[in-house]
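Position one of the sequence shown corresponds to residue 1 (my numbering), numbered consecutively onward.
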Amino acid sequence: MTQFDDLLEKRLKRLKQQRKAENRMLSQVAEEDIKKANLQKQAAKSYNNNLFNNLNVNLLDSNS
């Protein structure tokens, strides 16, 4: 193997490692985005439930 081949081999190895690291980072970001979306859904659901409960309480109070 020539010195040039050796350099190419090392470069290829580094690029593969970099690609693996980038893929790990992208999957971690995607996982975090899913968690954020789920938290946002839970917050919206909780907010809507609170509005509904407050409306029911106000209706009950107005009927008393």
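All C-beta atoms in this analysis are idealised placements derived from N, C-alpha and C, irrespective of residue type, glycine included.
Within the continuous alpha helix (DSSP H) that includes residue i, where are the two ends?
| i | result |
| --- | --- |
| residue 25 | 3–63 |
Quick check: what's the CA-CA separation for residue i versus residue j?
| i | j | result |
| --- | --- | --- |
| residue 27 | residue 52 | 37 Å |
| residue 2 | residue 15 | 20 Å |
| residue 11 | residue 20 | 14 Å |
Tell me whether residue i counts as near the ligand ADP, meaning its Cβ is closer than 7 Å to at least one heavy atom of that ligand.
| i | result |
| --- | --- |
| residue 9 | Ligands in the displayed structure: none, and consequently the ligand ADP is not present. |
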